[in-house]
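Numbering (my numbering), first residue to last: 58 to 531.
C-beta atoms are modelled at their ideal positions from N, C-alpha and C, and glycine is treated no differently.
Have a look at the structure below before the remarks.
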Ligand code: GLU
């Protein structure tokens with residue numbers, strides 16, 4: 058049998074880092090087994106729908122190198138892959154469940170449901186639908202209070218519902234008893250539970266790999282498969298990613314919950330991929346740095362640790378720095394140029410500067426910060442650095458540096474260094490630190506910069522002199 062796996066994000070704002078995490082593990086197993094990986098957009102929650110979100114899912118997953126074989130953008134044998142375009146698929150299933158008595162109409166108004174829940178909470182009873190509508194015709198129910206014209210359809214959860222299921226990662230799992238889940242909402246849209254099960258069946262999904270937060274829903278899904286006489290897929294519930302304080306990562310509290318954040322911060326995608334793989338997974342030999350191909354090769358559900366992995370951005374920075382240093386200079390330069398969104402002369406000078414910073418930074422954003430001074434439109438003198446290095450004492454240093462550089466006819470790193478040493482260290486008798494500190498801030502704008510003489514060469518004589526002049530102005 059060919060395995061078929063899917064990731065099924067809901068387009069409700071910036072994609073969550075969990076979408077990448079799920080994609081990575083789904084894809085690793087699909088690739089290992091020579092199966093298919095499907096992207097399905099679960100957009101049945103119209104209240105939380107965000108039109109720009111779907112494109113962001115495509116962009117961020119492509120950026121991460123986690124491509125899919127079938128999906129809304131590329132089609133496939135089970136198109137459409139967007140649930141809002143599959144509404145006709147869900148209706149007959151609801152009809153069948155109503156006809157077989159596994160589902161029922163519920164006309165309770167939302168006000169009534171709220172009152173009911175509040176009363177249950179007050180009485181310290183378990184909350185759940187009290188089944189007022191079960192066994193009633195529309196007319197019978199309309200005669201009672203809290204009636205609403207548009208019904209929903211609910212599952213009739215049997216008393217003997219099985220609460221255990223087998224999970225590929227966790228073995229035998231116990232879930233809490235479910236409520237009479239709504240399957241079809243008043244707007245005619247299916248809920249996640251119905252659409253998800255119908256689509257997984259229709260699309261031939263063999264393995265449902267998703268977050269731990271869905272464990273409680275699985276008994277309902279298992280019932281739906283059984284009622285419809287469909288084969289049930291295998292389940293694997295991945296651990297939730299946790300903040301360093303062990304709380305759940307949420308988009309409201311942690312910028313690192315948003316996938317676009319990693320792009321903006323200039324992390325290398327291969328580092329994030331490796332980092333996400335380390336969230337609960339290890340390859341044999343316990344090495345921390347490994348490629349996606351190595352993960353695929355060794356992939357085994359038994360190697361996934363279900364205990365909440367800690368999402369430590371410092372670790373990611375370390376990995377990103379590692380991958381950045383490993384990149385061939387040309388590749389690093391082209392990534393930095395495209396990250397900075399520059400071309401022409403600016404791209405050229407940044408490319409030449411890349412080897413100077415590649416070893417010193419962990420992200421492309423840090424690299425961009427370091428080389429930004431090479432472009433006049435990005436150059437600013439950091440006030441703190443100026444306060445440290447450009448006080449009144451710096452005047453003779455900057456004047457001597459200006460005079461020495463002005464005389465140069467050849468402006469290579471070697472020439473620049475020789476001229477500045479001669480003028481400042483030998484000429485003014487300064488320690489190198491005191492000699493070059495003010496020059497560095499004057500030409501790069503910061504106390505921390507790429508190597509000074511190389512930087513001055515890259516900047517060129519004219520611009521270096523203009524900056525020294527500017528720093529000399531009161
Ligand atoms: N749409 C669900 C989500 O956003 C998918 C869960 C599942 O994979 O079943 O998480």
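- Within the DSSP secondary-structure output, residue 291 pairs in a beta bridge with 264.
- When the alpha-carbon of residue 332 is set against those of 357, 197, 64, 345, the nearest one is in 345.
- Assignment of residue 132 by DSSP, reduced to helix, strand and coil, places it in the strand class.
- A distance below 7 Å between beta-carbons, with the five flanking residues on each side excluded, links residue 508 to the following residues of its chain, in chain order: 413.
- A check of alpha carbon separations from residue 161 across 480, 237, 399, 143 identifies 237 as the nearest.
- As DSSP reads the structure, residue 224 sits in a beta bridge with 228, 292.
- Between residue 418 and residue 427 the beta-carbon gap is near 6 Å, inside 8 Å, which marks them as a contact.
- Counting C-beta pairs with one atom in each stretch, the region 180 to 188 and the region 268 to 279 have fewer than three that are closer than 8 Å, which means they do not touch.
- For the alpha helix (DSSP H) assignment, the uninterrupted runs of no fewer than 4 residues enclosed by the region 70 to 97 are, from N- to C-terminal side, 74 to 89.
- If you ignore the 5 residues before and after residue 173, its C-beta comes within less than 7 Å of the C-beta of 187, all in its own chain and listed in chain order.
- Remark: the shortest separation between the CB of residue 249 and any heavy atom of the ligand GLU falls under 7 Å.
- DSSP places residue 252 in the helix class (H, G or I) of the three-state scheme.
- Here the distance from the Cβ of residue 99 to the nearest heavy atom of the ligand GLU is below 7 Å.
- Taking C-beta atoms as the reference points, residue 328 and residue 384 fail to come closer than 8 Å.
- Across the set 136, 148, 361, the C-alpha of 361 shows the shortest separation from the C-alpha of residue 337.
- It is roughly 7 Å from the alpha-carbon of residue 319 to the alpha-carbon of residue 313.
- Set against 7 Å, the gap from the CB of residue 307 to the closest heavy atom of the ligand GLU is not smaller.
- The closest CA to that of residue 267, considering only 255, 226, 231, 244, is found on 226.
- The beta carbon of residue 498 sits closer than 7 Å to those of 438, 442, 443, 446, 447, 504, all from its chain and outside the five residues before and after it, given in chain order.
- The ligand GLU never approaches residue 129 closely enough for any of its heavy atoms to be under 7 Å from the residue's Cβ.
- Between residue 99 and residue 249, the C-beta spacing is below 8 Å.
- In this structure, the C-beta of residue 66 approaches the ligand GLU to less than 7 Å from one of its heavy atoms.
- Distances taken from the Cβ of residue 164 to the heavy atoms of the ligand GLU include none shorter than 7 Å.
- Counting C-beta pairs closer than 8 Å gives three or more between the region 344 to 358 and the region 82 to 90, which meets the contact rule.
- Remark: the C-beta of residue 268 is in contact range of the ligand GLU, defined as less than 7 Å to any heavy atom.
- Taking C-beta atoms as the reference points, residue 256 and residue 415 fail to come closer than 8 Å.
- In its chain, beyond the 5 residues on either side, 203 have a beta carbon closer than 6 Å to the beta carbon of residue 169.
- Cβ atoms of residue 74 and residue 316 come within 8 Å of each other, at about 6 Å.
- A direct Cα-to-Cα measurement between residue 511 and residue 450 gives close to 25 Å.
- Boundaries of the beta strand (DSSP E) around residue 209: 204 to 212.
- Between residue 396 and residue 494, the gap from beta carbon to beta carbon reaches 8 Å or more.
- Under the three-state reduction of DSSP output, residue 160 falls in the strand class.
- Residue 292 and residue 274 have their C-alpha atoms some 12 Å from each other.
- In the DSSP annotation of this structure, residue 189 is not part of any beta strand (DSSP E), being labelled neither H nor E.
- Boundaries of the beta strand (DSSP E) around residue 241: 239 to 241.
- When C-alpha distances from residue 152 are compared across 212, 488, 350, the shortest belongs to 212.
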